[in-house]
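Residue numbering for the sequence shown follows the working numbering, starting at 1 and increasing by one per position.
Data first, discussion second: the structure below is written as C-alpha coordinates.
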Amino acid sequence: MIWLTDKIEFPSYTFTTDDGIIALGGDLSEERLIYAYKNGIFPWFSEGEPIVWYCPHERMVLFPDEIKVSKSMKKVINKNEFIITENKAFEEVIYNCKNVERSDGFGTWITDDMEQAYINLHKKGVAKSIEVWKNEELVGGLYGLEINNIFCGESMFSKISNASKLAFIHLAKNKDYSLIDCQIYNEHLASLGAKEVARETFLEILKS
(Lines of atoms letter the chains of each structure in order from A; the text may use other names.)
(Lines give C-alpha, C1' and ligand atoms only; values in the text may rest on other atoms or scores of the structure.)
Protein backbone atom coordinates (compact mmCIF):
# COMPACT_ATOMS: atom_id res chain seq x y z
CA MET A 1 0.00 0.00 0.00
CA ILE A 2 1.39 3.39 -1.01
CA TRP A 3 1.40 6.23 1.52
CA LEU A 4 1.21 9.78 0.25
CA THR A 5 3.71 12.49 1.16
CA ASP A 6 3.26 16.26 1.33
CA LYS A 7 3.69 16.38 -2.44
CA ILE A 8 0.34 16.53 -4.23
CA GLU A 9 0.47 13.45 -6.42
CA PHE A 10 -0.99 9.95 -6.61
CA PRO A 11 0.50 6.66 -7.79
CA SER A 12 -0.31 5.05 -11.12
CA TYR A 13 -3.65 3.25 -11.42
CA THR A 14 -1.68 0.01 -11.79
CA PHE A 15 -1.16 0.13 -8.03
CA THR A 16 -4.90 0.11 -7.25
CA THR A 17 -5.99 -2.82 -5.09
CA ASP A 18 -8.87 -5.15 -5.96
CA ASP A 19 -11.00 -3.05 -3.60
CA GLY A 20 -10.20 0.11 -5.55
CA ILE A 21 -7.78 1.63 -3.02
CA ILE A 22 -5.01 3.62 -4.71
CA ALA A 23 -3.27 5.25 -1.72
CA LEU A 24 -3.39 6.12 1.98
CA GLY A 25 -2.59 9.25 3.97
CA GLY A 26 -1.95 12.74 2.73
CA ASP A 27 -4.37 15.49 3.64
CA LEU A 28 -7.72 17.02 2.66
CA SER A 29 -6.36 20.31 1.40
CA GLU A 30 -8.30 22.08 -1.32
CA GLU A 31 -5.44 21.55 -3.76
CA ARG A 32 -5.17 17.81 -3.13
CA LEU A 33 -8.92 17.21 -3.27
CA ILE A 34 -9.32 19.06 -6.57
CA TYR A 35 -6.29 17.25 -8.02
CA ALA A 36 -7.73 13.92 -6.86
CA TYR A 37 -11.16 14.45 -8.40
CA LYS A 38 -9.62 15.64 -11.66
CA ASN A 39 -7.89 12.26 -11.78
CA GLY A 40 -10.90 10.15 -10.82
CA ILE A 41 -9.86 9.66 -7.20
CA PHE A 42 -11.91 10.33 -4.08
CA PRO A 43 -11.46 9.90 -0.29
CA TRP A 44 -13.62 7.50 1.72
CA PHE A 45 -12.75 6.59 5.29
CA SER A 46 -14.06 6.64 8.85
CA GLU A 47 -13.23 8.84 11.84
CA GLY A 48 -9.95 7.83 13.45
CA GLU A 49 -8.64 6.08 10.34
CA PRO A 50 -5.98 7.32 7.92
CA ILE A 51 -7.34 8.92 4.76
CA VAL A 52 -8.13 6.21 2.20
CA TRP A 53 -8.18 7.20 -1.48
CA TYR A 54 -10.21 5.24 -4.02
CA CYS A 55 -10.25 4.84 -7.77
CA PRO A 56 -12.64 1.88 -8.36
CA HIS A 57 -12.18 -0.49 -11.29
CA GLU A 58 -15.89 -0.03 -12.10
CA ARG A 59 -17.41 3.43 -11.85
CA MET A 60 -21.09 4.15 -11.25
CA VAL A 61 -22.16 7.02 -13.50
CA LEU A 62 -25.24 8.64 -14.97
CA PHE A 63 -25.40 10.15 -18.43
CA PRO A 64 -28.05 12.84 -17.79
CA ASP A 65 -30.08 12.05 -20.89
CA GLU A 66 -30.50 8.49 -19.55
CA ILE A 67 -32.24 9.58 -16.33
CA LYS A 68 -35.24 7.39 -15.54
CA VAL A 69 -38.23 9.12 -13.95
CA SER A 70 -40.94 6.67 -12.91
CA LYS A 71 -44.65 7.43 -13.23
CA SER A 72 -44.90 7.74 -9.46
CA MET A 73 -42.02 10.25 -9.39
CA LYS A 74 -43.62 12.25 -12.20
CA LYS A 75 -46.76 12.50 -10.05
CA VAL A 76 -44.67 13.71 -7.10
CA ILE A 77 -43.00 16.34 -9.30
CA ASN A 78 -46.30 17.50 -10.82
CA LYS A 79 -47.85 18.06 -7.39
CA ASN A 80 -45.41 20.94 -6.85
CA GLU A 81 -45.22 20.26 -3.11
CA PHE A 82 -41.46 20.78 -3.04
CA ILE A 83 -39.17 23.72 -3.76
CA ILE A 84 -35.74 22.90 -5.16
CA THR A 85 -32.81 25.30 -4.83
CA GLU A 86 -29.12 25.25 -5.68
CA ASN A 87 -26.28 26.28 -3.38
CA LYS A 88 -28.57 27.96 -0.86
CA ALA A 89 -27.79 25.76 2.15
CA PHE A 90 -24.60 23.81 1.43
CA GLU A 91 -23.52 23.52 5.06
CA GLU A 92 -26.97 22.26 6.08
CA VAL A 93 -26.91 19.69 3.29
CA ILE A 94 -23.53 18.23 4.22
CA TYR A 95 -24.48 18.27 7.92
CA ASN A 96 -27.58 16.22 7.15
CA CYS A 97 -25.68 13.87 4.84
CA LYS A 98 -23.34 13.28 7.77
CA ASN A 99 -25.97 12.86 10.46
CA VAL A 100 -29.26 11.59 8.99
CA GLU A 101 -29.54 7.82 9.34
CA ARG A 102 -29.34 6.10 5.95
CA SER A 103 -30.63 2.70 4.90
CA ASP A 104 -27.35 1.88 3.10
CA GLY A 105 -25.28 2.40 6.24
CA PHE A 106 -22.95 4.97 4.63
CA GLY A 107 -24.08 7.95 6.68
CA THR A 108 -21.20 8.02 9.15
CA TRP A 109 -18.23 8.10 6.76
CA ILE A 110 -18.24 11.92 6.57
CA THR A 111 -15.74 12.87 9.26
CA ASP A 112 -15.47 16.30 10.85
CA ASP A 113 -12.38 17.04 8.77
CA MET A 114 -14.12 16.00 5.56
CA GLU A 115 -17.14 18.14 6.38
CA GLN A 116 -14.94 21.20 6.81
CA ALA A 117 -12.86 20.38 3.72
CA TYR A 118 -15.92 20.34 1.46
CA ILE A 119 -17.31 23.49 3.06
CA ASN A 120 -13.99 25.13 2.14
CA LEU A 121 -14.38 23.88 -1.43
CA HIS A 122 -17.91 25.27 -1.54
CA LYS A 123 -16.61 28.68 -0.52
CA LYS A 124 -14.19 28.40 -3.45
CA GLY A 125 -17.11 27.68 -5.80
CA VAL A 126 -16.01 24.09 -6.48
CA ALA A 127 -18.40 22.12 -4.24
CA LYS A 128 -22.11 22.49 -5.04
CA SER A 129 -25.38 21.47 -3.44
CA ILE A 130 -28.99 20.86 -4.41
CA GLU A 131 -31.62 21.43 -1.69
CA VAL A 132 -35.19 20.12 -1.49
CA TRP A 133 -37.62 22.03 0.73
CA LYS A 134 -41.15 21.34 1.93
CA ASN A 135 -43.03 23.88 4.02
CA GLU A 136 -39.77 25.84 4.37
CA GLU A 137 -38.01 22.80 5.92
CA LEU A 138 -34.95 21.21 4.31
CA VAL A 139 -36.08 17.63 3.69
CA GLY A 140 -33.49 16.36 1.22
CA GLY A 141 -30.50 17.20 -0.88
CA LEU A 142 -27.12 16.24 -2.27
CA TYR A 143 -23.66 17.71 -2.72
CA GLY A 144 -20.56 17.10 -4.78
CA LEU A 145 -17.79 18.74 -6.79
CA GLU A 146 -18.05 20.40 -10.17
CA ILE A 147 -15.04 19.41 -12.26
CA ASN A 148 -15.28 21.03 -15.69
CA ASN A 149 -18.69 19.83 -16.96
CA ILE A 150 -18.82 16.72 -14.77
CA PHE A 151 -20.57 16.61 -11.40
CA CYS A 152 -18.77 14.33 -8.95
CA GLY A 153 -21.48 13.36 -6.49
CA GLU A 154 -20.47 12.79 -2.89
CA SER A 155 -23.54 12.14 -0.77
CA MET A 156 -27.28 12.69 -0.51
CA PHE A 157 -29.93 12.51 2.20
CA SER A 158 -33.69 12.29 2.64
CA LYS A 159 -35.81 13.10 5.64
CA ILE A 160 -38.97 12.10 3.80
CA SER A 161 -39.69 9.73 0.93
CA ASN A 162 -38.44 10.75 -2.55
CA ALA A 163 -36.61 13.89 -1.44
CA SER A 164 -33.12 12.77 -2.50
CA LYS A 165 -34.53 11.42 -5.77
CA LEU A 166 -35.99 14.84 -6.50
CA ALA A 167 -32.58 16.42 -5.94
CA PHE A 168 -30.88 13.91 -8.23
CA ILE A 169 -33.48 14.28 -10.98
CA HIS A 170 -33.17 18.06 -10.77
CA LEU A 171 -29.39 17.75 -11.09
CA ALA A 172 -29.71 15.58 -14.20
CA LYS A 173 -32.43 17.59 -15.93
CA ASN A 174 -31.59 21.17 -15.04
CA LYS A 175 -27.81 21.33 -15.10
CA ASP A 176 -25.64 21.15 -18.21
CA TYR A 177 -23.39 18.29 -17.12
CA SER A 178 -22.11 15.71 -19.58
CA LEU A 179 -21.82 13.13 -16.79
CA ILE A 180 -22.72 12.64 -13.12
CA ASP A 181 -20.19 10.55 -11.21
CA CYS A 182 -21.90 8.38 -8.59
CA GLN A 183 -18.64 6.62 -7.57
CA ILE A 184 -19.76 3.12 -6.57
CA TYR A 185 -22.79 0.91 -7.32
CA ASN A 186 -25.97 1.92 -5.55
CA GLU A 187 -29.39 0.33 -6.18
CA HIS A 188 -31.13 3.63 -5.44
CA LEU A 189 -29.23 5.37 -8.24
CA ALA A 190 -29.40 2.37 -10.56
CA SER A 191 -33.20 2.68 -10.45
CA LEU A 192 -32.77 6.24 -11.74
CA GLY A 193 -30.66 5.19 -14.72
CA ALA A 194 -27.10 5.16 -13.36
CA LYS A 195 -24.85 2.31 -14.49
CA GLU A 196 -21.34 1.00 -14.07
CA VAL A 197 -18.66 1.67 -16.68
CA ALA A 198 -15.02 0.62 -16.75
CA ARG A 199 -12.59 2.93 -14.96
CA GLU A 200 -10.75 3.56 -18.23
CA THR A 201 -13.98 4.73 -19.88
CA PHE A 202 -14.73 7.07 -16.99
CA LEU A 203 -11.21 8.52 -16.99
CA GLU A 204 -11.35 9.14 -20.75
CA ILE A 205 -14.55 11.15 -20.28
CA LEU A 206 -13.07 12.98 -17.29
CA LYS A 207 -9.93 13.95 -19.22
CA SER A 208 -11.88 15.09 -22.28
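By construction, the Cβ of each residue, glycine as well, lies at the ideal position given by its N, Cα and C atoms.
Bear in mind that the values here come from a model prediction, so they are computed numbers and not experimental data.
Compare the beta carbon distance of residue i and residue j with 9 Å and say whether it is the shorter of the two.
i	j	result
residue 210	residue 53	As shown, the chain starts at 1 and ends at 208. That puts residue 210 outside it, with no answer to give.
residue 153	residue 180	yes
residue 172	residue 67	yes
residue 209	residue 199	A question about residue 209 goes unanswered here, because the residues of the chain that appear run from 1 up to 208.
residue 128	residue 146	yes
residue 130	residue 190	no
residue 175	residue 11	no
Please go through the same chain and pick out, in chain order, the residues whose beta-carbon is closer than 7 Å to the beta-carbon of residue i, but skip the five residues on each side of it.
i	result
residue 69	169
residue 83	133
residue 196	58, 59, 60 and 185
residue 81	134
Which residue marks the beginning of the beta strand (DSSP E) containing residue i, and which one marks its end?
i	result
residue 156	150 to 158
residue 24	21 to 25
Using three-state DSSP, classify residue i as helix, strand or coil.
i	result
residue 177	coil
residue 101	coil
residue 69	coil
residue 138	strand
residue 131	strand
residue 42	strand
residue 4	strand
residue 93	helix
Near residue i, which residues of its chain fall below 6 Å by C-beta distance, leaving aside the five closest residues on each side in sequence?
i	result
residue 194	60, 62 and 182
residue 85	131
Which two residues bound the contiguous alpha helix (DSSP H) that contains residue i?
i	result
residue 118	112 to 123
residue 195	Per DSSP, residue 195 belongs to no alpha helix (DSSP H); it is in the beta strand (DSSP E), 195 to 198.
Tell me residue i's beta-bridge partners as DSSP assigns them.
i	result
residue 85	131
residue 126	Answer is none; residue 126 lacks a bridge partner.
residue 145	127 and 152
residue 58	198
If I measure Cβ to Cβ from residue i and keep anything under 8 Å in the same chain, skipping five residues before and after, which residues do I get?
i	result
residue 24	1, 2, 3, 4, 50, 51, 52 and 53
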